[in-house]
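Notes for the one structure printed next.
2 protein chains.
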Amino acid sequence: MATIYQEAHQIAYYQGDTKKQMTLAMLVNVAILVSEHQNEELGITNELMQQHQVGWVVTQYQINVNRMPKVDETVTFATMATGYNKYFCYRDFWVTDQKGNRLVTIHSAWVMMSYKTRQMVAIIPEIVAKYKAPFMKGIKHFPRIHHVNADIAKRPYRVRYYDIDANQHVNNVHYFDWMFDHLGMPFLMAHDLAEINIRYEHELTVNDLAQSQFQQQGLISRHRISTGERQCAEAEVTWKNRH
Amino acid sequence: MATIYQEAHQIAYYQGDTKKQMTLAMLVNVAILVSEHQNEELGITNELMQQHQVGWVVTQYQINVNRMPKVDETVTFATMATGYNKYFCYRDFWVTDQKGNRLVTIHSAWVMMSYKTRQMVAIIPEIVAKYKAPFMKGIKHFPRIHHVNADIAKRPYRVRYYDIDANQHVNNVHYFDWMFDHLGMPFLMAHDLAEINIRYEHELTVNDLAQSQFQQQGLISRHRISTGERQCAEAEVTWKNRH
């Protein structure tokens, strides 16, 4: 049985939106922080990763939201590696309130990327063994993300200095801002996120110009972030009316 | 003697920049969070503020930086109300490392704004008495901020959904991003912030188009954020070379 790691977190006002809910960007930021704390506890240190000259890169998130944590609320973030195969490692995250109710569930897929070649490499067993997660024969299937059509609304987002993180790439949680910003204040005030499926393909760096394309049909929105001819991410989002 | 409040804070990776230093925006966010915790402890609750139909609005920060906290470092944020007069309340913040070295000092000036009229009102003694800060006869002088000239570089920043906070205005820490983004990656990688003086005049809200104007002379940069004819903020920044 893989090791579960959990940590309490109180939502700060600056992690909240106009609805006093935690933003999706901050939710994912804290989830990743909690998984880094698990890595340290299990001895999967930066030093170990550097010895092997590899880093983790997320390729996909499937996020289900019952409700977002509220500003000032203390919730628990938990995480566990759920399995791995030759090229992918899978990790779940979940957030519960103080009564133990499940607020958010995240399924995710990760690959190992070589520092030198910037290419994906096979999962290194010595590293993943520490998670005690099972080896899987097949690959885990995530929900299908329908493409956006060609002739849809688009808006440019120039990458700014503060979008870039210590790895010299855009922290991919910024993609959520570029995607949802399209929907506009009235829609976002009247609706909450129910589910998002997002697949990452290509990283952005400084001075890139990101295009955010968008298409909406009722409570479903589809999104594409690209730069030049390259697709960076595709997402499909389900919204629900606020009570 | 006014009450000092302090709290430890570990810098998360998502609060850092390309240099693995805490960003100024996140530093100010955490400072404000810590002062809100002091307010709660002293009984200056949201309920009390709502009874009086007022809120605090910052008008000025003077921030001196020896060095920014580093990602993963645990530092202490401390704050104290230093005095008040008829219209202004003054508050200091300071950040120290684990050896007690002073990393950052912030002097700030605040006014009380009426919820109903959106106008400044005289400081309510019943509220500020709880800080045990002294009444002052004069006003506290902040360093002069030199204006930018008219014919300088400018860049538009459309206010995005996630720039807006629960008060339906732009969290003013976003102004730092809009100001510093102008300086460009090579300059920001080679220099660190030494001092910033910023004065806030007018708030921005959703769908506003912010203009960020900028002028640089060696290690001094001057900035102006405006919307239409209205000036929102002016700042003067001193930079230092990185070792």
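Protein sequence lines, in the order shown, are assigned to chains A and B.
Counting from 1, one number per residue, gives the positions in the first sequence under full-length UniProt numbering.
Counting from 1, one number per residue, gives the positions in the second sequence under full-length UniProt numbering.
Each residue gets a CB set at the ideal place from its N, CA and C atoms; glycine is no exception.
{"Check": "Excluding sequence positions up to five away, which residues of its chain have a Cβ less than 8 Å from the Cβ of residue 66 of chain B?", "Outcome": "101, 102, 103, 104"}
{"Check": "Within 8 Å (strictly less), CB to CB, does residue 127 of chain B reach chain A?", "Outcome": "no"}
{"Check": "Please list, in chain order, the chain A residues whose beta carbon lies closer than 9 Å to that of residue 11 of chain B.", "Outcome": "Those do not exist, as residue 11 of chain B stays about 11 Å from chain A at its closest Cβ, beyond 9 Å."}
{"Check": "At a cut of 8 Å, does the region 93-100 of chain B reach the region 44-51 of chain B through at least three beta carbon pairs?", "Outcome": "no"}
{"Check": "Which residues, taken in chain order from the region 174-204 of chain A, show a beta carbon closer than 7 Å to some beta carbon of chain B?", "Outcome": "177, 180, 181, 185, 188"}
{"Check": "Cutting at 7 Å between CB atoms, please list the residues of its own chain near residue 133 of chain A, excluding the five before and the five after it.", "Outcome": "2, 81, 82, 83, 84"}
{"Check": "Can you grab the Cα-Cα spacing for the pair residue 189 of chain B / residue 116 of chain A, in whole Å?", "Outcome": "23 Å"}
{"Check": "Below 7 Å between beta carbons is the criterion; list the residues of the region 82-112 of chain A that meet it against any residue of chain B, in chain order.", "Outcome": "none"}
{"Check": "From residue 6 of chain A to residue 211 of chain B, what distance separates their C-alpha atoms?", "Outcome": "44 Å"}
{"Check": "Hey, residue 137 of chain A and residue 70 of chain A are a contact pair by Cβ (cut 8 Å); roughly how many whole angstroms apart?", "Outcome": "Not quite, the Cβ-Cβ distance comes to about 42 Å (not below 8 Å), so this is no contact."}
{"Check": "Ends of the beta strand (DSSP E) at residue 133 of chain B?", "Outcome": "Neither: residue 133 of chain B is in no beta strand (DSSP E) and is coded neither H nor E."}
{"Check": "Roughly how many angstroms separate the alpha carbons of residue 76 of chain A and residue 34 of chain B, rounded to a whole number?", "Outcome": "21 Å"}
{"Check": "Quick check on the DSSP output: the alpha helix (DSSP H) that includes residue 34 of chain A runs from which residue to which?", "Outcome": "24-41"}
{"Check": "Check whether the Cβ atoms of residue 78 of chain A and residue 90 of chain A lie closer than 8 Å to each other.", "Outcome": "no"}
{"Check": "Select from the region 144-174 of chain B all residues with a C-beta closer than 8 Å to any C-beta belonging to chain A, and list them in chain order.", "Outcome": "160, 161, 162, 164, 165, 166, 168, 171, 173"}
{"Check": "Mind checking whether the beta-carbon of residue 20 of chain B lies closer than 7 Å to any heavy atom of the ligand SAM?", "Outcome": "Questions concerning the ligand SAM fall outside what the structure shown contains, since it holds no ligand whatsoever."}
{"Check": "Which runs of the beta strand (DSSP E) fall wholly inside the UniProt domain \"Acyl-ACP thioesterase-like C-terminal\" (153-241) of chain B and span at least 3 residues, in chain order?", "Outcome": "153-158, 191-200, 209-217, 220-227, 230-241"}
{"Check": "Put residue 10 of chain B into one of helix, strand or coil per three-state DSSP.", "Outcome": "strand"}
{"Check": "Measuring CA to CA, which of A:26, A:38, A:57, A:42 is closest to residue 169 of chain A?", "Outcome": "A:57"}
{"Check": "Taking Cβ positions only, does residue 14 of chain A come closer than 8 Å to chain B?", "Outcome": "yes"}
{"Check": "Among A:38, A:219, A:126, A:22, which residue has its Cα nearest to the Cα of residue 51 of chain A?", "Outcome": "A:126"}
{"Check": "Would you report the Cα separation of residue 112 of chain A and residue 192 of chain B, rounded to the nearest angstrom?", "Outcome": "33 Å"}
{"Check": "Fully enclosed by the region 51-117 of chain B, which beta strand (DSSP E) runs are 3 residues long or longer?", "Outcome": "54-65, 74-84, 89-96, 102-114"}
{"Check": "With 8 Å as the threshold, decide whether the Cβ of residue 116 of chain B is near any Cβ in chain A.", "Outcome": "no"}
{"Check": "Beta-carbon separation of residue 206 of chain B and residue 164 of chain B under 8 Å?", "Outcome": "yes"}
{"Check": "Please check the pair residue 237 of chain B and residue 220 of chain B, which I expect to be a contact at CB under 8 Å, by giving their CB distance rounded to whole angstroms.", "Outcome": "7 Å"}
{"Check": "Mind listing the chain A neighbours of residue 219 of chain B? Cutoff is C-beta to C-beta under 8 Å, in chain order.", "Outcome": "Neighbours of residue 219 of chain B on chain A: none; closest Cβ ~18 Å, over 8 Å."}
{"Check": "Using the Cα positions of residue 14 of chain A and residue 175 of chain A, report the straight-line distance between them to the nearest angstrom.", "Outcome": "18 Å"}
{"Check": "Counting only beta-carbon atoms, is residue 33 of chain A nearer than 8 Å to chain B?", "Outcome": "yes"}
{"Check": "Along the chain, where does the alpha helix (DSSP H) that runs through residue 127 of chain B open and close?", "Outcome": "125-128"}
{"Check": "Is the beta carbon of residue 146 of chain B sitting closer than 8 Å to the one on residue 222 of chain B?", "Outcome": "yes"}
{"Check": "Sorted by chain position, which residues of the same chain lie with C-beta nearer than 7 Å to residue 8 of chain B's C-beta, five sequence neighbours on each side aside?", "Outcome": "74, 76"}
{"Check": "Only counting the same chain, and skipping five residues up and downstream in sequence, which positions put a Cβ closer than 6 Å to that of residue 203 of chain A?", "Outcome": "169"}
{"Check": "Shortest alpha-carbon distance to residue 167 of chain A belongs to which of B:4, B:17, B:86, B:12?", "Outcome": "B:17"}
{"Check": "Within 10 angstroms of the Cβ of residue 141 of chain B, are there 16 or more other Cβ atoms? Answer buried if so, exposed if not.", "Outcome": "exposed"}
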